[in-house]
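Presented below is the structure to which this report refers.
2 protein chains.
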Amino acid sequence: MKAIDILNQHNLKRTSCREGLLDVLIEAQRPISENQIRALLPGNYDRTTFYRSFKTLEENNIIHKIVVDSQFVTYALANEITHRHNHAHFYCHECHKVQCLDEVPVMSTPLPEGYEALEKEVIIKGICPECHA
Amino acid sequence: MKAIDILNQHNLKRTSCREGLLDVLIEAQRPISENQIRALLPGNYDRTTFYRSFKTLEENNIIHKIVVDSQFVTYALANEITHRHNHAHFYCHECHKVQCLDEVPVMSTPLPEGYEALEKEVIIKGICPECHA
DNA sequence: AATGAACTTGCAACATTGTTGCATTTGACA
DNA sequence: TGTCAAATGCAACAATGTTGCAAGTTCATT
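Order-wise, the sequence lines are chains A and B. Everything in the first sequence is counted per our numbering, starting at 1 for the first residue and increasing by one. Everything in the second sequence is counted per our numbering, starting at 1001 for the first residue and increasing by one.
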């Protein structure tokens, strides 16, 4: 699926910022930060535009945001899996990379009476395979 | 357990900021934000002092930080339960309150080969009992 | 192709959150 | 009470994110 198709599918205008942003995320295949995206993105977009693009894409469930820490936010393409199910994320303390664990099921947590769950964010922090000595 | 005792137990100096901060968190009995703490805290401490106090208290496992969103961070007292086990948090979209779900067990997620989990953050977002019509 | 309405962008200004270095003050303990 | 390490307040700065508005684009329709 190409960036242009995604935008068309959602009736969003095809602008170079949105298209570039999506291209970078498609290419990356894992969650990356705003700065990483900017480094990979040809052209120099205003921060405002960037944030507004993120917002639009997120509202349309095209991308999703992963808040690892208040100072470390990443974005990733949403796919059929991430779209339908909640899924866990892994953050590596060594290499600081974030991964979507699509294949890891997020157990439905039994909540006390009266609570209605709408979304669920799971972030597991530790050491990833690549960083294990 | 009073604020003073907690500080002594951890060999931390008893300063009015730390003591007040802990008093407010003990009183609140649920996670609250920096601004909420400040509103409840007599005296007017510098932001720097506040942040450094949070850091110290967190490093000593006296409090823990819950990042609901990059723009919404709360702090809560750590207790025996939260200290020993991972626990889930609930964020209500209506009243914007955060709760520690001490009694809700966080399932140990089976990770793919090679991943080592050290911490796990679970935030469930939805509607809390009080906000249900 | 040209038009036009609606949407998107860039800019300036601002708000919030968090950090660092340094001089001053405070707490703990002899 | 004096001493020293630790904590605080201040100033300056950095990063992240938002808003209003003027100018530029996109896209469907002539």
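Idealized CB from N, CA, C, for every residue including glycine.
C-alpha gap between residue i and residue j, whole angstroms
{"i": "proline 1105 (chain B)", "j": "asparagine 60 (chain A)", "result": "33 Å"}
{"i": "histidine 93 (chain A)", "j": "cysteine 1100 (chain B)", "result": "25 Å"}
{"i": "isoleucine 62 (chain A)", "j": "phenylalanine 72 (chain A)", "result": "20 Å"}
{"i": "lysine 65 (chain A)", "j": "alanine 76 (chain A)", "result": "7 Å"}
{"i": "leucine 57 (chain A)", "j": "arginine 38 (chain A)", "result": "16 Å"}
{"i": "glutamine 1009 (chain B)", "j": "aspartate 1023 (chain B)", "result": "15 Å"}
{"i": "proline 136 (chain A)", "j": "histidine 1132 (chain B)", "result": "Residue coverage of chain A in this structure runs from 1 to 133, which leaves residue 136 (chain A) outside it and unanswerable."}
{"i": "alanine 28 (chain A)", "j": "isoleucine 127 (chain A)", "result": "20 Å"}
{"i": "methionine 107 (chain A)", "j": "valine 122 (chain A)", "result": "10 Å"}
Buried or exposed by the 16-neighbour rule on C-beta atoms within 10 Å, applied to residue i
{"i": "lysine 947 (chain B)", "result": "This structure does not reach residue 947 (chain B), given that chain B is present from 1001 up to 1133, and the question cannot be answered."}
{"i": "threonine 74 (chain A)", "result": "buried"}
{"i": "isoleucine 1026 (chain B)", "result": "exposed"}
Residue range of the unbroken beta strand (DSSP E) whose run includes residue i
{"i": "threonine 48 (chain A)", "result": "Counting along the chain, threonine 48 (chain A) falls outside any beta strand (DSSP E), though it belongs to the alpha helix (DSSP H) covering 47 to 59."}
{"i": "glutamine 1036 (chain B)", "result": "Looking at the DSSP string, glutamine 1036 (chain B) is not in any beta strand (DSSP E); the run it does join, the alpha helix (DSSP H), is 1034 to 1040."}
{"i": "glutamate 27 (chain A)", "result": "Element bounds for glutamate 27 (chain A): not the beta strand (DSSP E) but the alpha helix (DSSP H), 16 to 28."}
{"i": "threonine 1074 (chain B)", "result": "1072 to 1077"}
{"i": "leucine 101 (chain A)", "result": "98 to 105"}
Supposed close pair residue i, residue j - CB separation, criterion 8 Å
{"i": "tyrosine 45 (chain A)", "j": "cysteine 17 (chain A)", "result": "5 Å"}
{"i": "serine 70 (chain A)", "j": "serine 1070 (chain B)", "result": "5 Å"}
Contact set for residue i: own chain, Cβ-Cβ below 8 Å, skip 5 residues either direction
{"i": "threonine 109 (chain A)", "result": "Ala117, Lys120"}
{"i": "proline 31 (chain A)", "result": "Ile66, Thr74, Tyr75, Ala76, His89, Val98, Gln99, Cys100"}
{"i": "threonine 48 (chain A)", "result": "none"}
Residue range of the alpha helix (DSSP H) that includes residue i
{"i": "isoleucine 1004 (chain B)", "result": "1003 to 1009"}
Proximal residues to residue i (C-beta, below 7 Å), its chain only, five neighbours per side dropped
{"i": "isoleucine 4 (chain A)", "result": "Arg14, Glu19"}
{"i": "leucine 12 (chain A)", "result": "Arg18, Thr56, Asn60"}
Same chain, Cβ closer than 6 Å to residue i, five either side skipped, listed in chain order
{"i": "lysine 125 (chain A)", "result": "Tyr91"}
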